[in-house]
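Peer 1: With this note's numbering as the guide, the letters of the sequence shown map in order to residues 308 to 558. Right, I'll just put the structure down here and ask away after.
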Amino acid sequence: SGIAFNPPPIPMAGGTIYYRISAEDGKFNINDLVKSYDNLPNLKVQEMLTKLFEQLGIPRERIFPIIDWIDDNSEEIGGGAETYYYTNLKPPRKIKNAPMYSLSELTALKGWDRKLVYESLKNPEKEKNVSKDFLSEEEKLLVTDSDYVLSNNMTAYLPFKDTGDDRININAAPYYVLMSISEFMTRQAVMRILKYKLEKGGYIKEINDLKNFAVFEVIATSTGSSPSSNSQSGQSGQGQPPPPSSQGAQA
Numbered sequence: 308s309g310i311a312f313n314p315p316p317i318p319m320a321g322g323t324i325y326y327r328i329s330a331e332d333g334k335f336n337i338n339d340l341v342k343s344y345d346n347l348p349n350l351k352v353q354e355m356l357t358k359l360f361e362q363l364g365i366p367r368e369r370i371f372p373i374i375d376w377i378d379d380n381s382e383e384i385g386g387g388a389e390t391y392y393y394t395n396l397k398p399p400r401k402i403k404n405a406p407m408y409s410l411s412e413l414t415a416l417k418g419w420d421r422k423l424v425y426e427s428l429k430n431p432e433k434e435k436n437v438s439k440d441f442l443s444e445e446e447k448l449l450v451t452d453s454d455y456v457l458s459n460n461m462t463a464y465l466p467f468k469d470t471g472d473d474r475i476n477i478n479a480a481p482y483y484v485l486m487s488i489s490e491f492m493t494r495q496a497v498m499r500i501l502k503y504k505l506e507k508g509g510y511i512k513e514i515n516d517l518k519n520f521a522v523f524e525v526i527a528t529s530t531g532s533s534p535s536s537n538s539q540s541g542q543s544g545q546g547q548p549p550p551p552s553s554q555g556a557q558a
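This is the structure we're talking about:
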């Protein structure tokens with residue numbers, strides 16, 4: 308009848324194992340930062356990751372070492388690092404110049420460590436300025452401490468048959484990923500997606516259903532025509548955010 312994404316705990320050796328299954332296509336695949344067909348930086352994905360990093364308090368410059376690690380040239384981008392940097396480390400390290408197989412590879416890159424990838428990036432001081440008094444108990448549960456862990460928002464895997472499909476599955480996307488897929492995405496829009504997913508039993512089948520909500524209404528342009536929307540490219544018309552693309556609920 309389906310996959311149990313939150314299966315029951317398993318008693319073992321006097322303790323208990325808790326685990327869950329999550330869909331990786333609801334996260335940003337860092338291998339998409341470099342286009343496989345021409346080995347150039349993918350500006351669209353770079354823009355979305357920049358938004359994600361800003362929300363989690365990560366300097367934008369951390370993106371460039373990832374690009375340099377994946378692309379197969381020796382030209383440094385921004386504050387990135389190529390062969391010269393890694394061969395002069397003690398001990399020296401060999402740059403990969405190929406897609407990553409695991410997110411753990413990030414810990415070998417310039418400016419990256421395990422804490423940045425796998426530990427909470429929640430800023431207590433920043434949270435003090437965010438009032439939750441007007442949120443329902445349900446809304447408070449939609450954004451949890453796990454959302455502040457980078458590894459819950461990014462992943463690394465090789466695309467099937469090199470399709471280059473960098474769309475995000477909104478049925479599996481966490482809060483900060485949804486906030487990053489479009490410059491027009493707002494907190495209200497993201498909360499509406501997450502709440503609607505709960506109302507639908509955890510799965511949005513038709514992406515067009517989101518267009519019925521006022522938060523996704525698009526203000527017509529001065530010419531009287533409705534602007535087109537494309538969450539995959541980060542392009543959109545003026546006004547409120549259009550619904551993002553969805554795997555399993557594709558427009």
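Glycine included, C-beta positions come from ideal geometry on N, C-alpha and C. Bear in mind the structure is a predicted one, so any value in this text is a computation, not a measurement.
Identify whether N395 lies in helix, strand or coil by the three-state DSSP scheme.
Peer 2: Correct three-state label for N395: coil.
Peer 1: Can you tell me where the beta strand (DSSP E) with T323 in it begins and where it stops?
Peer 2: 322–324 is the extent of the beta strand (DSSP E) around T323.
Peer 1: Helix, strand or coil for M319, going by three-state DSSP, please let me know.
Peer 2: Note: M319 maps to strand in three-state DSSP.
Peer 1: So, at 7 Å on beta carbons, what are the nonlocal neighbours of D339 in its own chain, with the 5 sequence-adjacent residues on each side left out?
Peer 2: Same-chain partners within the cutoff: N349, V352, D473.
Peer 1: I need the DSSP call for M486, collapsed to helix, strand or coil.
Peer 2: Helix, per DSSP.
Peer 1: Across the region 481–488 and the region 353–368, are there enough close Cβ pairs to call them in contact, namely three or more that are closer than 8 Å?
Peer 2: Judged by Cβ distances under 8 Å, the region 481–488 makes contact with the region 353–368, as three or more pairs qualify.
Peer 1: Mind the definition here: the region 441–461 touches the region 369–389 only if three or more C-beta pairs lie below 8 Å; say whether that holds.
Peer 2: At 8 Å Cβ cutoff, the stretches do not touch.
Peer 1: Thinking just about the alpha-carbon of each residue, which of Y393, L410, D345 is nearest to the one in I402?
Peer 2: Taking only the C-alpha atoms, the option nearest I402 is Y393.
Peer 1: DSSP beta-bridge partners for P348?
Peer 2: Answer is V341.
Peer 1: Between which two residues does the alpha helix (DSSP H) holding M492 run?
Peer 2: Looking at the DSSP string, M492 is not in any alpha helix (DSSP H), and its letter there is neither H nor E.
Peer 1: Whether or not the region 491–511 and the region 364–377 are in contact is what I'm after, with contact meaning three or more pairs of Cβ atoms, one per stretch, closer than 8 Å; do they touch?
Peer 2: Because the criterion of three Cβ pairs below 8 Å is not met, the region 364–377 and the region 491–511 do not touch.
Peer 1: With H, G and I counted as helix, E and B as strand and the rest as coil, what does DSSP make of F520?
Peer 2: In this structure, F520 counts as coil in the three-state DSSP scheme.
Peer 1: Can you tell me where the alpha helix (DSSP H) with R580 in it begins and where it stops?
Peer 2: Given that the chain is displayed from residue 308 to residue 558, the structure contains no residue 580 and the question cannot be resolved.
Peer 1: Give me the Cβ distance between L410 and M461, rounded to the nearest whole Å; I'm assuming they're in contact under 8 Å.
Peer 2: The pair is a contact, with the Cβ atoms about 6 Å apart (cut-off 8 Å).
Peer 1: Considering only residues of the same chain and omitting the five flanking positions on each side of P316, which have a CB-CB separation below 7 Å?
Peer 2: For P316, where only same-chain residues beyond five positions count, the Cβ hits under 7 Å are T323, I324, Y325.
Peer 1: Just to confirm before moving on: does the CB-CB distance between V424 and L457 stay below 7 Å?
Peer 2: Yes, these two residues count as a Cβ contact at 7 Å.
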